[in-house]
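Undergrad:
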Amino acid sequence: MGREERVELRCKGIGKRFPGVIALDGIDFECVGGEIHGLVGENGAGKSTLMKIVSGAYQKDEGSVVLCGKEVNFSNTREALREKIITLYQESNVFEEQNVIENIFTNHEMRLKRSPLTDLRRMERATRELLERYELEIDPFQKVRLLSMDEKKMLEVLRALTQGSKFLILDEPTSSLTVAQSAKLLNFLRELKNQNIGIILITHNISEALQVCDRITVLRDGKVIGTLNAGQTSKEEVIRLMIGSNLSKAVRSGERTFGGTPALEVRHLEVRNALRGVDLRLYPGQILGITGLVGSGGTRLANALFGMERKASGEIYIEGTRVSIGSPRKAIERGVAYLTSDRKGEGLFLTMPIYENVTIVAIRKMLNRLGLVSRRRQHAASKGHVDSLHIKTPSIATTVEQLSGGNQQKVVVAKWLETNARIIILEDPTLGIDVGAKTEILRLIHALAQAGKGVLLLSTEIDELSQLCDTVLILYKGRIVREFQRGHDLTEEAILSAATRAYS
Amino acid sequence: MLGAKAMPPKEHALSTINGSRTVTWMQTSFNVIQALTVFVVMFVAMTLLFPTFHTYLNLTNLLKQQVPNLIVAIGMTFILISAEIDISVGGTMVLASVLTAKTMQAGGIYLGVLVGLAAGAGAGLVNGFLVAKGRIPSFIATLGMMYMTRSIAYVVTRGFSVPVSTDFQKLFAANFHDIPYVVFFVILLYVIAFIVLTRTIFGKQVYATGINIKAAELCGIPVVAVKMKCFVITGVLAGVAGIILVSRIGAVEPNLGTGFEFSVISAVVIGGTSLFGGVGNVFQSVLGVFIISLIKNGLNLGHVNLFWQDFVTGAVIVVAVLIDTWRKRIAEVLSLG
Numbered sequence: 001m002g003r004e005e006r007v008e009l010r011c012k013g014i015g016k017r018f019p020g021v022i023a024l025d026g027i028d029f030e031c032v033g034g035e036i037h038g039l040v041g042e043n044g045a046g047k048s049t050l051m052k053i054v055s056g057a058y059q060k061d062e063g064s065v066v067l068c069g070k071e072v073n074f075s076n077t078r079e080a081l082r083e084k085i086i087t088l089y090q091e092s093n094v095f096e097e098q099n100v101i102e103n104i105f106t107n108h109e110m111r112l113k114r115s116p117l118t119d120l121r122r123m124e125r126a127t128r129e130l131l132e133r134y135e136l137e138i139d140p141f142q143k144v145r146l147l148s149m150d151e152k153k154m155l156e157v158l159r160a161l162t163q164g165s166k167f168l169i170l171d172e173p174t175s176s177l178t179v180a181q182s183a184k185l186l187n188f189l190r191e192l193k194n195q196n197i198g199i200i201l202i203t204h205n206i207s208e209a210l211q212v213c214d215r216i217t218v219l220r221d222g223k224v225i226g227t228l229n230a231g232q233t234s235k236e237e238v239i240r241l242m243i244g245s246n247l248s249k250a251v252r253s254g255e256r257t258f259g260g261t262p263a264l265e266v267r268h269l270e271v272r273n274a275l276r277g278v279d280l281r282l283y284p285g286q287i288l289g290i291t292g293l294v295g296s297g298g299t300r301l302a303n304a305l306f307g308m309e310r311k312a313s314g315e316i317y318i319e320g321t322r323v324s325i326g327s328p329r330k331a332i333e334r335g336v337a338y339l340t341s342d343r344k345g346e347g348l349f350l351t352m353p354i355y356e357n358v359t360i361v362a363i364r365k366m367l368n369r370l371g372l373v374s375r376r377r378q379h380a381a382s383k384g385h386v387d388s389l390h391i392k393t394p395s396i397a398t399t400v401e402q403l404s405g406g407n408q409q410k411v412v413v414a415k416w417l418e419t420n421a422r423i424i425i426l427e428d429p430t431l432g433i434d435v436g437a438k439t440e441i442l443r444l445i446h447a448l449a450q451a452g453k454g455v456l457l458l459s460t461e462i463d464e465l466s467q468l469c470d471t472v473l474i475l476y477k478g479r480i481v482r483e484f485q486r487g488h489d490l491t492e493e494a495i496l497s498a499a500t501r502a503y504s
Numbered sequence: 001m002l003g004a005k006a007m008p009p010k011e012h013a014l015s016t017i018n019g020s021r022t023v024t025w026m027q028t029s030f031n032v033i034q035a036l037t038v039f040v041v042m043f044v045a046m047t048l049l050f051p052t053f054h055t056y057l058n059l060t061n062l063l064k065q066q067v068p069n070l071i072v073a074i075g076m077t078f079i080l081i082s083a084e085i086d087i088s089v090g091g092t093m094v095l096a097s098v099l100t101a102k103t104m105q106a107g108g109i110y111l112g113v114l115v116g117l118a119a120g121a122g123a124g125l126v127n128g129f130l131v132a133k134g135r136i137p138s139f140i141a142t143l144g145m146m147y148m149t150r151s152i153a154y155v156v157t158r159g160f161s162v163p164v165s166t167d168f169q170k171l172f173a174a175n176f177h178d179i180p181y182v183v184f185f186v187i188l189l190y191v192i193a194f195i196v197l198t199r200t201i202f203g204k205q206v207y208a209t210g211i212n213i214k215a216a217e218l219c220g221i222p223v224v225a226v227k228m229k230c231f232v233i234t235g236v237l238a239g240v241a242g243i244i245l246v247s248r249i250g251a252v253e254p255n256l257g258t259g260f261e262f263s264v265i266s267a268v269v270i271g272g273t274s275l276f277g278g279v280g281n282v283f284q285s286v287l288g289v290f291i292i293s294l295i296k297n298g299l300n301l302g303h304v305n306l307f308w309q310d311f312v313t314g315a316v317i318v319v320a321v322l323i324d325t326w327r328k329r330i331a332e333v334l335s336l337g
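Residue numbers (the working numbering), protein chains in the order written: chain B, 1 to 504; chain U, 1 to 337.
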């Protein structure tokens, strides 16, 4: 490489709409060769959507992307790949059963001259050179399955390098790494700077971004709030820019009290590879928030409480009685409801009408004297929920696939209300729901607690946790590491900073 | 959890509230209308084309021939709605009929019937166990059972034909104006099946399991038991069909009813029950069975070369599945146009 070519990527006024949601609104963003550019923001701020447009997975509605001086319009990821824009997704994308060399040269193998045969010797040499240059002590013939998570990530980066990557987009590369592994990976990324590659780092970990990036762009609600020089800013400033409530403050209308016998008590719950001794108490009328990094164990905790995962040890008490929950059926009988974050995949029967969805769990209540399901009862029950939850639909016979995300979520809520559940576990209840409907869903959750339900809210949305919850627990690697109480130390800043801090 | 994914709602353009209610209506009724139209058109066409078609004899014959298909189609409808498939029904039917005939020779009619039913239930239970508990894809599990049941039928008969007493043949021969009483029994089965599917908890669970098994599980629906029951119901019905078959033809051979399973599956799919689960009902399957039988009857009456008949049946199956696969798209286009 004689003279270095100019490597730069400029996005101007990028806009992207999804039905009912403006995901990106006039985004200006740039990244140049030799730079690590951090992209931070809360869930749903638009980080991933922006990068998906850059890498061709989505198509923009407005604006332009200019790559090294010429405007590009990728209609799929292959076209972006051809321009050497390579994205490494959160989940590692390696072939576990193949060795390091095979993984690095996947789909761009070196060939023997004028033959279709691969040149193993040359690939081995190239691999050894790479590993040496970056001081990685990995055997090229090692099965990748045996490598650690950070090594796998580095391997993906090496693959991108051998593909001649100009821009490397890393989506939360450290989310499943330990602190030591993250440090190693970040060091490795810094080594790449003199390669004239533009690196875009999507992250929620602000400390990490400050540590490794040259510039940081903060997104909120699909807009760029600012681009900062990493050397001239602070964690506090970045957090302040990230937050900025998009919810109306009137989520908690009317007061709430809680107490009495805990609706749910968990003592030293352990689940293999997930939870390492979790204790918690949830009272009727309380909203207990749990948050943490990806893979910190929130989902697994919910699964264990709902009988979908065997616990290794520990005790679960419901209303003071020790219980064993072996299946969702048992959990439901005990008065537990679980609204997973995957509404469409796990919560709804999309092609069924609303009244079938609402009554499917509490179907026994719908029987007439002959023991047959009474459509009249199904209708009456559904009608009540549609009215009280303000589900917007032309009719209760409408199939739920035709409803908006917010109304679908309300149907799921109605389904569990019909069971008279006393403990309600919600996981990211506003994921993919537009801002207006979000407030409504949050009010609904507040109302559930007011009605005496114990609500366990697993969420990654800090603003909704800080506004709704009485108590927020920070889960990290299967343990509860911090606890915040309303009226004491529960603030958005405190949660965000605790949730993203690397504990050692 | 934090910073997981900004998930854009993936609704397609149609899923706005206003104006698209017709899509649902079209999706469900499209199937019925489609099957009913095909049936009526074929019926009228054949009446016009073949003078012998509209004779009472031809029509009652058609009805009699379709009794086993009609019975097994009920079970197949349950199975397809639960998003599984059973290609062992032909084998199970033959095994049941062979065991019935064999047992009758020694132990009398009642024991024979009982053994036939037990064979059907047993085969269904094994299928259900392999699929629901063992989590083997149902196509493969029931493919294995198709071979095993037929093999046992050969072993038991050593390949020879087994006759039954004339007494037992009266079961099917008994009739009302040349319509066997068995036909009324079939109608009763359909009424029961309809009520079970649409009005009982079990029926609701079958649909829910077929539409979204993960959601069904999270709703506390015992999906393993639901699938198991569907297979056992189908097995028992295949047993019933086998017993009635023996009574009708007076003797059974183990090579009877080859291709029976596919003729039943295609009938159910032509009726509008989806191969992908969650959609369908038993009355549509009746239409499907008659459409297939009309096609065969038409080819016979039209003296079409016997060797071409399978070709036509095959083509009809492919078209039916094609429509099933593209059903949603077609319904959307229809409702927009």
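All residues carry an ideal CB built from backbone N, CA and C; glycine is no exception.
This structure is a prediction, so every number in the text was calculated from the model and none was measured.
(1) Using DSSP bridges, identify the partner residues of ALA337/B.
(2) Which whole-angstrom value describes the C-beta separation of THR393/B and LEU403/B, a residue pair presumed to lie in contact below a C-beta threshold of 8 angstroms?
(3) Using a Cβ cut-off of 8 angstroms, which residues of the region 345-363 of chain B contact any Cβ in chain U, in chain order?
(4) Would you list the residues sitting across from SER92/B in a DSSP beta bridge?
(5) Just to confirm my understanding: we take ARG17/B, look at its own chain, exclude 5 residues before and 5 after, and list those with CB closer than 7 angstroms. What are they?
(6) Could you pull out every residue in the same chain whose Cβ sits closer than 7 angstroms to the Cβ of VAL224/U, ignoring the five residues on either side in sequence?
(7) HIS108/B and GLN163/B - do their beta-carbons sit closer together than 8 angstroms?
(8) Would you mind giving the Cβ-Cβ distance between ILE75/B and GLN90/B, rounded to the nearest angstrom? I have them listed as a contact below 8 angstroms.
(9) Should TRP326/U go down as buried or exposed, given a rule of 16 or more other Cβ atoms within 10 Å for buried?
(10) Are the CB atoms of LEU465/B and THR359/B within a distance shorter than 8 angstroms?
(11) How is LYS511/B classed by DSSP in three states: helix, strand or coil?
(12) In or out: GLN485/B buried (at least 16 other Cβ within 10 Å) or exposed?
(13) Establish whether the CB of GLU84/U and some CB of chain B are separated by less than 8 angstroms.
(14) Hey, quick one: how far does the alpha helix (DSSP H) through LYS153/B stretch, first residue to last?
(15) Does the distance from the C-beta atom of VAL89/U to that of GLU261/U stay below 8 angstroms?
(16) What in chain B is Cβ-close to THR200/U, meaning under 7 angstroms?
(17) How about ASP28/B and LYS52/B: do their beta carbons lie closer than 8 angstroms?
(18) Is it buried or exposed, PRO68/U, if we count other Cβ atoms within 10 angstroms and call 16 or more buried?
(19) Tell me whether ARG329/U is buried or exposed, calling it buried when 16 or more other Cβ atoms sit within 10 Å of its Cβ.
(20) Whether or not the region 319-339 of chain B and the region 233-244 of chain U are in contact is what I'm after, with contact meaning three or more pairs of Cβ atoms, one per stretch, closer than 8 angstroms; do they touch?
(21) Rounding to the nearest angstrom, what Cα-Cα distance links GLY257/U and ALA331/B in this structure?
(22) Do we get a CB-CB distance below 8 angstroms when we pair LEU36/U with the residues of chain B?
(23) What's the C-alpha gap between GLY91/U and LEU114/U?
(24) I'd like to confirm the pairing. Which residues does DSSP put opposite ASP470/B in its beta bridges?
(25) Given that ALA208/U touches chain B, what residues does it touch there, using C-beta distances under 7 angstroms?
(26) Quick check: the region 121-131 of chain U against the region 274-283 of chain U, are there 3 or more CB pairs under 8 angstroms?
(27) If we ignore side chains and look at the alpha-carbon of each, how far apart do ILE540/B and LEU448/B end up?
(28) Give the DSSP-derived three-state secondary structure of PRO328/B in the structure shown.
(29) Buried or exposed for GLY259/U, please, with buried defined as at least 16 other CB atoms from any protein chain shown within 10 angstroms of its CB.
(30) Counting Cβ pairs closer than 8 angstroms, one from the region 79-87 of chain U and one from the region 243-257 of chain U, do we hit at least three?
(31) Quick check on this structure: which residue in LEU112/B, ARG111/B, VAL94/B, LYS70/B has the alpha carbon closest to the alpha carbon of ILE104/B?
(32) Closer than 9 angstroms by beta-carbon distance: list the chain B residues that pair up with LYS133/U, in chain order.
(33) By Cβ distance, which residues of its chain are closer than 8 angstroms to VAL126/U, with the 5 residues on each side in sequence left out?
(34) Any idea what DSSP makes of GLN485/B, helix, strand or coil?
(35) Could you pull out every residue in the same chain whose Cβ sits closer than 6 angstroms to the Cβ of ALA209/B, ignoring the five residues on either side in sequence?
(36) List, in order along the chain, the chain B residues whose C-beta lies closer than 7 angstroms to that of ALA215/U?
TA: Taking the coordinates as given:
(1) Stepping through the first sequence from its first residue, residue 337/B is reached at position 337. According to DSSP, which records beta bridges pairwise, ALA337/B is partnered with ILE424/B.
(2) Your numbering for residue 393/B matches position 393 in the first sequence. Your numbering for residue 403/B matches position 403 in the first sequence. At roughly 6 angstroms, the Cβ-Cβ gap stays under 8 angstroms, so THR393/B and LEU403/B are in contact.
(3) GLY345, GLU346, GLY347, LEU348, PHE349, LEU350, THR351, MET352, PRO353, GLU356, ILE360, VAL361, ILE363
(4) Working through the first sequence from its first residue, we reach residue 92/B at position 92. DSSP lists no partner for SER92/B.
(5) As a first step, residue 17/B is located in the first sequence; it is residue number 17 there, counting from the start. Here the set comprises ALA23, ASP61.
(6) Locating residue 224/U in the second sequence gives position 224, counting from the first residue. Excluding sequence neighbours, VAL224/U sits near ALA132, LYS133.
(7) Residue numbering aside, residue 163/B sits at position 163 when the first sequence is read from its first letter. Residue numbering aside, residue 108/B sits at position 108 when the first sequence is read from its first letter. A contact, by the Cβ cut-off of 8 angstroms.
(8) Position 75 of the first sequence, counted from the start, is the residue given in the question as residue 75/B. Position 90 of the first sequence, counted from the start, is the residue given in the question as residue 90/B. Reading the sequence as shown, one finds Ser at residue 75/B and not Ile. That belief does not hold up - the Cβ atoms of SER75/B and GLN90/B are roughly 24 angstroms apart, past 8 angstroms.
(9) Reading the second sequence from its first residue, position 326 is the one you call residue 326/U. Classification for TRP326/U: exposed.
(10) For the purposes of this step, residue 359/B is taken as the residue at position 359 of the first sequence. For the purposes of this step, residue 465/B is taken as the residue at position 465 of the first sequence. No, they are not a contact pair.
(11) In this structure chain B extends from 1 to 504, so residue 511/B is not present and cannot be described.
(12) If you number the first sequence from 1, residue 485/B lands on position 485. GLN485/B comes out exposed.
(13) On the second sequence, position 84 is the one that residue 84/U refers to. Answer no: the Cβ-Cβ gap between GLU84/U and chain B never drops below 8 angstroms.
(14) Position 153 of the first sequence, counted from the start, is the residue given in the question as residue 153/B. It spans 149-162 - the alpha helix (DSSP H) in which LYS153/B sits, taken as one unbroken run.
(15) On the second sequence, position 89 is the one that residue 89/U refers to. On the second sequence, position 261 is the one that residue 261/U refers to. Yes, the Cβ-Cβ distance between VAL89/U and GLU261/U is below 8 angstroms.
(16) Mapped onto the second sequence, residue 200/U falls at position 200. What THR200/U touches in chain B: LEU372, VAL373.
(17) For the purposes of this step, residue 28/B is taken as the residue at position 28 of the first sequence. For the purposes of this step, residue 52/B is taken as the residue at position 52 of the first sequence. Not closer than 8 angstroms, so no.
(18) Numbered from 1 along the second sequence, position 68 holds the residue referred to as residue 68/U. By the 10 Å Cβ count, PRO68/U comes out buried.
(19) Counting from 1 along the second sequence, the entry for residue 329/U is found at position 329. The residue in question, ARG329/U, is exposed, as its Cβ has fewer than 16 Cβ neighbours within 10 Å.
(20) no
(21) Within the second sequence, numbered from 1, the residue matching residue 257/U stands at position 257. Within the first sequence, numbered from 1, the residue matching residue 331/B stands at position 331. Distance between the alpha carbons of GLY257/U and ALA331/B: 47 angstroms.
(22) As a position in the second sequence, residue 36/U is number 36, starting the count at 1. Chain B, which has no Cβ nearer than 8 angstroms to the Cβ of LEU36/U, makes this no.
(23) Taking the second sequence and counting its residues from 1, one reaches residue 91/U at position 91. Taking the second sequence and counting its residues from 1, one reaches residue 114/U at position 114. Using only the alpha carbons, I get a separation of about 18 angstroms.
(24) Indexing the first sequence from 1 puts residue 470/B at position 470. None, per the DSSP bridge assignment.
(25) Locating residue 208/U in the second sequence gives position 208, where the first residue counts as 1. Here the neighbours are PHE349, ILE360.
(26) no
(27) The question about residue 540/B has no answer, for chain B in this structure spans 1 to 504.
(28) Residue numbering aside, residue 328/B sits at position 328 when the first sequence is read from its first letter. The answer is helix: DSSP assigns PRO328/B an H, G or I state.
(29) Counting from 1 along the second sequence, the entry for residue 259/U is found at position 259. Exposed, because fewer than 16 other Cβ atoms sit within 10 Å of the Cβ of GLY259/U.
(30) no
(31) Translated into positions along the first sequence, residue 104/B becomes position 104. Of LEU112/B, ARG111/B, VAL94/B, LYS70/B, the residue nearest in Cα terms is VAL94/B.
(32) To locate residue 133/U, count along the second sequence from 1; it is residue 133. Residues of chain B passing the Cβ test: none, with the nearest at roughly 15 angstroms.
(33) Counting from one through the second sequence, the residue named residue 126/U turns up at place 126. Closer than 8 angstroms at the Cβ level, and outside the excluded window around VAL126/U, lie MET145.
(34) Mapped onto the first sequence, residue 485/B falls at position 485. Of the three classes helix, strand and coil, the one that applies to GLN485/B here is strand, per DSSP.
(35) Locating residue 209/B in the first sequence gives position 209, where the first residue counts as 1. Closer than 6 angstroms at Cβ, skipping near neighbours: GLY38, VAL40, THR203, ILE216.
(36) Numbered from its first residue, the second sequence carries residue 215/U at position 215. Ordered by position in chain B, the residues that pass the 7 angstroms Cβ test against ALA215/U are GLU346, GLY347, LEU348, PHE349.
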